[in-house]
Structure formats: structure tokens, C-alpha cells
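Peer 1: Sharing a structure below in C-alpha cells format, with a few things to ask.
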Amino acid sequence: MKERHLGRSGLLVSRLGLGTMTWGQDTAPDEAAAQLVAFVEAGGTLVDTADVYNDGDSERILGHLLRELVDRDGLVVATKAAIRPNGRYDGSRRHLLRALDASLDRMDLDHVDLWQLHVYDPATPLEETLSALDEAVASGRTRYVGVSNYAGWQVSKAAAWQRAWPGRAPVVSAQLEYSLLRRDIEREVVPAVLDAGAGLLPWSPLGRGVLTGKYRTGIPAGSRAAAPHFSDFVQPYLDEECARIVESVVTAAEGLGASPLGVALAWVRDRPGVAAPIVGARTAAQLGAILEAADLNLPGEIRDALDDVSDMSPAHP
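Structure follows, in C-alpha cells:
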């Protein structure tokens, strides 16, 4: 698997990242182990988790596998903080640094490679939130820092603040939802990320699984849309407009002799500013299908056609 720099930083990451949101809930430890081994064998290096994923079980499982199964030094380990277990946003310095220490304890690590602010907390001054990033880097608990789920102006403000004074930790990444079914970040967030020199890490690059085509004729048993805790997550992408885009992806895949997920993944992987889409799979078999399709390159005419069919309505101005 090829590598890319994360924005204008010196950090190299595989151009596909492994997400672990389902680990500890829908993905059992043995399946997680199989996923991580397959990912590493395919040349993957970026593994992304968060402190709130399944009450910390995702981090615990990852930490165990880093000790017992794979070479930790060969991986770029990323995690996030800024959400309390009760769902409340908390970007205070107190919460963030305590959360980072707890993450390191769960994974039995002395540092992570990338620590990200999971959400923007409007109740805490941004300069206080960002001071926690500086402390985390200065203390050696993380090597790089980034943001997640930030609006365009929030990315720009955070990046500008960190550039304003020597010694502050630069924002090197922004993780946001991005796919053929979710292109609204192209209006303001992507330009802000590019201007900041950060690398874009798209989550749900397969449109919450819809772009694989598996929902074309209904909701399969065992799918996320059939699960009570995930059905509301998938439902917004099961409308007629999304179905039209999915059919275009399927048509492109048939013409290329490829899979719909391969086409959808290749489209987002090579968008401006993207460093590595973060893919999450419930099973090792699902991840295997993704890895098999990961090297597909789209012809220009196919890319242009997909751009057109998924184009957003004009915005003002």
C-alpha cells in the first residue's frame, strides 16, 4: 500500500486507514485481530480509534493487539478526545489531558502518533482547548495533533492560532465525513484544510456502507441498517437521491470490472487534500474486500461522470 504525507507534515501514513469504531461491540476481539493482521500485511500503517468508542473497549483491544500481535513501531496510532462518556462535549484542558492519559493507559502506550480533538466544544475557549494539544506534544504523549468534525471556520481558526506563535503544535489533520453521498465539506471545510496545510482523513468514505450497493434491493440481515444501534446512522442515505448516485457507482464498477466499493473508495481517496480515507469493517471478510479493491485507479472520464452525478446544488455566494 502506498504512503502519503499527512498534510504538509513529515508524517507518512498509508493511503488507507483502519477505523476501529465497531471493535468491542459489533466486532469481537478475534475478528479485530484478523482485521489488524490483514491490514498490516497489506501495507497499512494508520489505525484510528477514540476514547469513547464502546466505552474504551476499542482502545483496550487495540492496545492488546499492539502488544501481542503486530509491531507497534510500524504503525501510526491515532486516537481522539473531547466527548465525555455521557455524550457531552468537553474541550477543557482538564478533561482533554485526563482523557489522553486514560487512552494511553488503556492501550498501554507511552505515546500516540496522532491525537485529535473529536469535536468542537463551543462552551470552552478555543485557546484553552488548543493549549492541551501543545501540552500533549511538549510532554511527549503525542507526536502530532489534529481535529475532527470541525466546520471550516473552526479549522481555520485553530490552525491560525497554532501558527501564530513559535512552539505551538501545528494542526496536521482534519477528520470528517466525506464520500460521494456527502460532499458538503467541499464548500468550506476542504478549502480551509488545504489552506491550513493539513491532511484530510475522510470517515465513512463508503457512505456508511450504502455505496457498496448492498442496500439496492432492501436491508440485508446483519447489516448496519438492520442493527438497532446503527439504523438511524444509515437511514439518511437510503433516499432516492442517494440511490441514483449508487446506481451510477454500480454502472461504473461494471464497466471497469471492479466492485462498487472499490470505485467509491478510489473516488474519495484521490480527492484534493485527502491523505487517507478511514475504513471501518465489521468483519475481517469485509475488510478483505476493501483491501482487495484499494489499489483501483479511476479513469478520468469515470471520475468526471461521478463528479457530475453527485454534484451539490449551488451555494451562495
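Heads up, the sequence shown is in the working numbering, so the first residue is 653 and it goes up one at a time.
Where a beta carbon is used, it is the ideal one built from N, C-alpha and C, also for glycine.
Quick one: measure Cβ to Cβ for P854 and L828, integer angstroms, because I've assumed they're closer than 8 Å.
Peer 2: Right, their Cβ atoms sit about 7 Å apart.
Peer 1: Short of 6 Å in beta carbon distance, which residues of its chain neighbour L748, apart from the five on each side in sequence? Order them along the chain.
Peer 2: Counting only Cβ-Cβ distances below 6 Å, and skipping sequence neighbours, we find A733 and A784.
Peer 1: Three-state secondary structure (DSSP) at H763?
Peer 2: It is coil, neither helix nor strand.
Peer 1: Over what stretch of residues does the alpha helix (DSSP H) that includes L846 continue unbroken?
Peer 2: Per DSSP, L846 belongs to the alpha helix (DSSP H) from V841 to A848.
Peer 1: Output the boundary residues of the beta strand (DSSP E) element that contains P854.
Peer 2: Note, P854: beta strand (DSSP E), G851 to W855.
Peer 1: DSSP three-state label for T869, please.
Peer 2: Coil, per DSSP.
Peer 1: Could you tell me if E711 is buried or exposed, where buried requires 16 or more neighbouring beta carbons within 10 angstroms of its beta carbon?
Peer 2: The residue in question, E711, is buried, as its Cβ has 16 or more Cβ neighbours within 10 Å.
Peer 1: Assuming the contact rule is C-beta atoms closer than 8 Å, L756 and S800 should be a hit. Round their C-beta distance to whole Å, please.
Peer 2: That belief does not hold up - the Cβ atoms of L756 and S800 are roughly 18 Å apart, past 8 Å.
Peer 1: Report the three-state DSSP secondary structure of K809 (helix, strand or coil).
Peer 2: In the structure shown, K809 sits in a helix (DSSP, three-state: H, G or I).
Peer 1: Just to check my reading of the structure: A826 and G798 have Cβ atoms closer than 8 Å, yes? What is that Cβ distance to the nearest angstrom?
Peer 2: Contact flag correct, Cβ pair sits at about 6 Å.
Peer 1: Within the chosen definition, does the region 904-916 reach the region 859-868 through at least 3 CB pairs nearer than 8 Å?
Peer 2: These segments touch.
Peer 1: Taking the CB atoms as reference points, tell me whether V841 and Y802 lie closer together than 9 Å.
Peer 2: A contact, by the Cβ cut-off of 9 Å.
Peer 1: Is there contact here, the region 956-963 with the region 696-716, by at least three beta-carbon pairs under 8 Å?
Peer 2: Output reads no: the region 696-716 does not touch the region 956-963.
Peer 1: On the premise that A811 lies in contact with L778, defined as a C-beta separation below 8 Å, what is that separation, rounded to the nearest angstrom?
Peer 2: Their Cβ separation, rounded to whole angstroms, is 11 Å, which puts L778 and A811 out of contact at 8 Å.
Peer 1: Quick one: grab the DSSP three-state call for G743.
Peer 2: Three-state result, G743: coil.
Peer 1: Whole angstroms are fine: how far does the CA of G907 sit from the CA of P822?
Peer 2: Each residue's Cα considered, the two are about 43 Å apart.
Peer 1: Hey, out of P929, G739, A936 and R876, whose CA is closest to A946's CA?
Peer 2: Residue P929 is the option with its Cα nearest to A946.
Peer 1: Taking N706 as the reference, give the member of T674, G940, V931 and I954 with the closest Cα.
Peer 2: For N706, the nearest C-alpha among the options comes from T674.
Peer 1: Rounded to whole angstroms, how far is the Cβ of L766 from the Cβ of V728, which I believe are closer than 8 Å?
Peer 2: Confirmed, about 6 Å.
Peer 1: Measuring only the C-alpha atoms, how far is P737 from V886?
Peer 2: Rounded to the nearest angstrom, the two C-alpha atoms are 23 Å apart.
Peer 1: Select from E893, D891 and G874 the residue whose C-alpha is nearest the C-alpha of Q938.
Peer 2: It is G874.
Peer 1: Would you call R746 buried or exposed, if buried means 16 or more other Cβ atoms sit within 10 Å of its Cβ?
Peer 2: Counting Cβ neighbours within 10 Å, R746 comes out exposed, since fewer than 16 surround it.
Peer 1: So, under 8 Å CB-CB, R656 and L664 are touching, yes? Tell me the CB distance rounded to an integer number of Å.
Peer 2: So it is a contact: roughly 7 Å between Cβ atoms.
Peer 1: Give the DSSP-derived three-state secondary structure of D959 in the structure shown.
Peer 2: Here D959 sits in helix by DSSP.
Peer 1: DSSP three-state call for V926: helix, strand or coil?
Peer 2: In the structure shown, V926 sits in a strand (DSSP, three-state: E or B).
Peer 1: Answer yes or no: do V764 and R795 have a C-beta to C-beta separation smaller than 9 Å?
Peer 2: The answer is yes: Cβ separation under 9 Å.
Peer 1: Please work out which residues of its chain come closer than 6 Å, Cβ to Cβ, to A844, disregarding the five sequence neighbours upstream and downstream, and give them in chain order.
Peer 2: G804, V807 and S808.
Peer 1: Considering just the uninterrupted stretch of the beta strand (DSSP E) at T794, what are its terminal residues?
Peer 2: It spans T794 to S800 - the beta strand (DSSP E) in which T794 sits, taken as one unbroken run.
Peer 1: DSSP three-state label for G914, please.
Peer 2: Helix.
Peer 1: Return helix, strand or coil for A788, following the three-state DSSP convention.
Peer 2: It is helical.
Peer 1: D753 by DSSP, collapsed to three states: which one?
Peer 2: Three-state result, D753: helix.
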